[in-house]
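Working notes for the structure below.
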Amino acid sequence: MTGDQTYQFKVQNKEQGQRLDAFVPVHCKDLSRNACARLIRQGLVTVDQSVKKPSYVLKPGEMVSVTVPEPEAADIVAQDMDLNILYEDKDIAAVNKPPGMVVHPAPGHSSNTLVNALLAHCKDLSGIGGVQRPGIVHRLDKDTSGVILAAKNDAAHAGLSQQLAQRRVEKFYLALAHGVIKEDAGVIDLPIGRHPSDRKRMHISTPAKGREALSLWTVKERFSDATFVQVQIKTGRTHQIRVHLAALHHPVIGDAVYGGRKKRGRLPASVLGKAPAPERQMLHAHIVSFNHPVTGEKLTLTAPLPQDMAQLLEALRESAK
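In terms of full-length UniProt numbering, the sequence shown opens at residue 1 and continues consecutively.
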C-alpha cells in the first residue's frame, strides 16, 4: 500500500438500521473488526462527509467513506533471540511462545518481546497491526505459553484476521485448575467485561456491559486436588479462560490475578515436593487449526507443554498413585 486509501460504500435498503461499527467490517474485509473500530474512533470513517459515532444507525442512500492510512514503519529494534518456530513460510510464522515473554512492545516493555524477536528472524512483518504490533493477529498473556501466529505481509494478516473474526480459527488450550471438576465436559457462556474498579482485570459482566465469551471445556485427567482440562475458546476475550474457570470456582493454578495463586496451599506437599510451586498461571495454547491465509491449506499446529507445566502435571500424576 502506498499512501492513504479511501473506499466508499453506499448504504443499501437491506442495510437500513445497521450500526456503523457493524457495517464497516462487512465491507472492509481486509481489515479486522478491531482495525475498523480504530478507524471509526480516529474519525477516518465518515457518513455523507460527517464523522459519526460507532453506534450511529445508517439509513439507505447514505455514503460511507473509509480512509485507511498508510501503515507506519515499525520503529522497533530487532533483537536476535531464540525462537521455537513451529511453522514458517513466506507469508506466516507460528511460534511456541515461552511463558514470561511479552508479545508486543508496550509501556514498560519496549524490548525483549516476541515482536522484537520476530523482526530479527523474519526481517519484515505486516503493517496492519500498527506501529507497536507489526504482524500480530492475536495475542497471548505474558505468562501464558503456546502457539501464536504472526503475519509477514498485509495479505496474510488480513486473511488471518478475517478467519478470527468469523470464528474459523480453532484454538485449544490446556490448563491445570484447582479442585476436582466433577463433570466430564461443559460449556461456559458468560459475558466478560472490564472490571469496574481495576482496569487491568476482567470479570463476568452483564450482556449489556460485557462481550460474549464462549468456552468449551473437557476434563483430561483428575487428581486429588486438581484437574487437567482442555478448553476450546470460541471467542477471544482478554483473560477469557482464566476468568471463566475462576467463575466455576476452579481457577487456573498459579494465577495471581484470578485466585489461582492464593489457593496454592491446596496443592499437597507430595506434589510440591516433586515440582516447584508455580509462579505463573498453568495455561498453555496447545493447538491452533486454521486455513493458510494465502494458499487455503488446512494447518493444525501443536505446541508441546513447557517444562514447568509438564513437571507439575507429572508430579500430580505421581502423587495420585
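The beta-carbon is built from N, C-alpha and C at its ideal position, and this holds for glycine as well.
Give me whichever residues DSSP pairs with Tyr87 in a beta bridge. Position 87 of the sequence shown, counted from the start, is the residue given in the question as residue 87. According to DSSP, which records beta bridges pairwise, Tyr87 is partnered with Ala94.
Restricting to Cα atoms, I'd like to know which of Ala285, Asp225, Thr295, Gly236 is closest to Ser319. The count along the sequence shown starts at 1 and reaches residue 319 at position 319. Taking only the C-alpha atoms, the option nearest Ser319 is Asp225.
- request: Evaluate Gln240 with the Cβ neighbour count: other Cβ atoms within 10 Å of its Cβ, from every protein chain shown; 16 or more gives buried, anything less gives exposed.
  value: Locating residue 240 in the sequence shown gives position 240, counting from the first residue. With 16 or more other Cβ atoms within 10 Å, it is buried.
Between the beta-carbon of Val66 and the beta-carbon of Tyr7, is there less than 8 angstroms? For the purposes of this step, residue 66 is taken as the residue at position 66 of the sequence shown. For the purposes of this step, residue 7 is taken as the residue at position 7 of the sequence shown. Taking 8 angstroms as the Cβ cut-off, Val66 and Tyr7 qualify as a contacting pair.
Assuming Val252 and Arg242 are in contact, meaning their beta carbons sit under 8 angstroms apart, how far apart are those beta carbons, in whole angstroms? Numbered from 1 along the sequence shown, position 252 holds the residue referred to as residue 252. Numbered from 1 along the sequence shown, position 242 holds the residue referred to as residue 242. Right, the Cβ-Cβ distance comes to about 5 angstroms (below 8 angstroms), so this counts as a contact.
Mind reading off the beta-carbon distance from Gln79 to Ala117? Whole number of angstroms is fine, and I expect it under 8 angstroms.
Working through the sequence shown from its first residue, we reach residue 79 at position 79. Working through the sequence shown from its first residue, we reach residue 117 at position 117. At roughly 6 angstroms, the Cβ-Cβ gap stays under 8 angstroms, so Gln79 and Ala117 are in contact.
- With contact counted as at least three CB pairs below 8 angstroms, one residue from each stretch, are the stretch 144-161 and the stretch 178-194 in contact? no
So, for Pro60: in the same chain, excluding its five sequence neighbours on each side, which residues have a beta-carbon less than 8 angstroms away from its beta-carbon?
The residue labelled residue 60 in the question sits at position 60 within the sequence shown. Correct list, in chain order: Val11, Gln12, Asn13, Glu15, Gln16.
- prompt: Quick one, are the C-beta atoms of Leu44 and Pro69 less than 8 angstroms apart?
  reply: On the sequence shown, position 44 is the one that residue 44 refers to. On the sequence shown, position 69 is the one that residue 69 refers to. Against a cut-off of 8 angstroms, the Cβ pair of Pro69 and Leu44 comes out as a contact.
(Q) Could you tell me the alpha carbon to alpha carbon distance between His27 and Val64, rounded to whole angstroms? (A) The count along the sequence shown starts at 1 and reaches residue 27 at position 27. The count along the sequence shown starts at 1 and reaches residue 64 at position 64. Rounded to whole angstroms, His27 to Val64 spans 10 angstroms at the Cα level.
Could you check whether Val115 and Arg139 sit closer than 8 angstroms to each other, using their CB atoms as the reference points?
Counting from one through the sequence shown, the residue named residue 139 turns up at place 139. Counting from one through the sequence shown, the residue named residue 115 turns up at place 115. Result no, Cβ atoms of Arg139 and Val115 do not sit closer than 8 angstroms.
**Beta-carbon proximity check, residue 322 vs Val271, cutoff 8 angstroms** = Missing from the structure shown is residue 322; the chain here goes from 1 to 321 and no further.
Proximal residues to Asp143 (C-beta, below 7 angstroms), its chain only, five neighbours per side dropped
Along the sequence shown, one-based indexing puts residue 143 at 143. These residues qualify, in order along the chain: Pro99, Gly100, Arg280, Gln281.
At 4 residues or longer, what runs of the alpha helix (DSSP H) sit wholly inside the stretch 23-65? 33-41
inquiry  = In whole angstroms, give me the CA-to-CA distance for His249 and Ile148.
reply    = Position 249 of the sequence shown, counted from the start, is the residue given in the question as residue 249. Position 148 of the sequence shown, counted from the start, is the residue given in the question as residue 148. About 28 angstroms.
Taking Cβ positions, are Leu245 and Ala185 nearer each other than 8 angstroms? For this step, residue 245 is matched to residue 245 along the sequence shown. For this step, residue 185 is matched to residue 185 along the sequence shown. One thing to note: Leu245 has its Cβ no nearer than 8 angstroms to the Cβ of Ala185.
Could you check if Val169 is buried or exposed, using at least 16 other CB atoms within 10 Å of its CB as the buried criterion?
Your numbering for residue 169 matches position 169 in the sequence shown. Under this definition Val169 is a buried residue.
- Message: Strictly under 8 angstroms for the Cβ-Cβ distance: is Ala310 near chain B by that measure?
- Response: In the structure shown, chain B does not exist; there is a single protein chain.
In terms of residues, what are the limits of the alpha helix (DSSP H) holding Arg199? Numbered from its first residue, the sequence shown carries residue 199 at position 199. Here Arg199 belongs to no alpha helix (DSSP H), and DSSP marks it neither H nor E.
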